[in-house]
Amino acid sequence: MRDDVKIALVTGASRGIGRSIATKLVEHGYFVVGTATTQAGADEIGESLGDAGAGRQLDVQDDASVGALFTGLRDAPGMPLVLVNNAGITRDNLMLRMSVDEWTTVVDTNLNGLFRVTKPVLRGMLRARWGRIVNVSSVVARMGSPGQSNYVASKSAVEGFTRSLAQEVASRGITINAVAPGFVATDMTAELTEAQIQQMLSRVPLGRMGSAEDIAEAVAFLVSDKAGYITGETIHVNGGLYMA
């Protein structure tokens, strides 16, 4: 790997949006380390990225797992100057039926996990006086969504975290932004019925689902030098479902 190639870390890169982001950043010349919760998923990421990337196992809920990841990165290929926090989960339920575990697991993964992964990369970015962090949020952080109070709370907090951290590190050439996908075709939406899909599409002015590629393009722009004057923002990629 050339010394001038920037290293990007993409969490939750084994499928869907994360996989597309990892592939897109490779196309833009980054060496990408993608993470998955299982070793099998990490191996698959490494195979798909080839010589331009690597797969690593990571549980963002586990401090020891996060520590092991960064210990390994310091040895090879090096600490990332680009971070995409994409790892996230849902545990949907109405509030009256939601268990403590359903609440805490989602918040610990989607919000606390983001803190665990972001903090270790900042020192290297501060030394380099350059860095890019993109946090993947969701359109429901602004719109709300019944049965998803845990998920919506975590993603709303992610956007607040983004704005606050952006102000802390902007003077060192580090930008922090969020991307909020709307109704995107993924493994999760593939499980919806045709009637459910059509109901959602009736609310989208562009009249179609987004693709993982649409989200990846937005992320690739935000981590580039062309986006160097954008920080603390949430970029909505939702076909007009929500207009800020």
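Sequential numbering of the sequence shown, starting at 1144, is according to this note's numbering.
For each residue, glycine too, the CB sits at the ideal point set by N, CA and C.
These numbers come from a predicted model, not from an experiment.
Taking the Cβ atoms as the reference, Asn1228 lies roughly 12 Å from Ile1160, outside the contact range of under 8 Å. For Asn1320, the three-state secondary structure derived from DSSP is strand. Contact check for Val1277 against Val1203 fails: the beta carbons are separated by 8 Å or more. A direct Cα-to-Cα measurement between Ser1288 and Asp1147 gives close to 44 Å. Around the beta carbon of Lys1262, fewer than 16 other beta carbons lie within 10 angstroms, which makes this residue exposed. In the structure shown, Thr1178 adopts extended strand secondary structure according to DSSP, grouped into three states. Annotated as proximal: Ser1280 and Ala1323, with beta-carbon spacing under 8 Å.
Ranking Gly1316, Ser1191, Leu1212, Glu1334 by CA distance to the CA of Gln1200 puts Leu1212 first.
Of the candidates Ile1164, Glu1245, Gly1210, Glu1334, the residue whose Cα lies closest to the Cα of Ser1297 is Glu1245. Straight-line measurement puts the Cα of Ile1150 at about 13 Å from the Cα of Asp1218.
Assigned with DSSP and collapsed to three states, Asn1228 falls in strand. Per DSSP, Thr1166 is one residue of the alpha helix (DSSP H) stretching across 1159 to 1170. By the criterion of a C-beta distance shorter than 8 Å, Leu1308 is surrounded in its chain by Thr1261, Ile1276, Ile1319, once the five residues flanking it on both sides are discounted. Counting of Cβ neighbours within 10 angstroms places Arg1272 among the exposed residues, the total staying below 16. Remark: C-beta atoms of Val1264 and Leu1226 approach each other more closely than 8 Å.
Rounded to whole angstroms, the separation of the alpha carbons of Ile1164 and Phe1326 is 17 Å. Taking 8 Å as the upper bound for CB-CB distance, His1171 and Ala1321 are not in contact here, some 19 Å apart.
In the three-state scheme derived from DSSP, where H, G and I count as helix and E and B as strand, Asn1278 is classed as strand. For Ala1370, there is no enclosing alpha helix (DSSP H), as DSSP marks it with neither H nor E.
By the Cβ test, the segment 1326 to 1335 is in contact with the segment 1346 to 1365, since at least three Cβ pairs between them sit closer than 8 Å. Around the beta-carbon of Leu1384, 16 or more other beta-carbon atoms lie within 10 Å, marking it buried.
If the five residues before and after Ala1361 are omitted, its C-beta is found closer than 8 Å to the C-beta atoms of Val1322, Ile1378, Val1380, all from its own chain and listed in chain order. Among the bridge pairs identified by DSSP, Arg1199 is matched with Thr1178.
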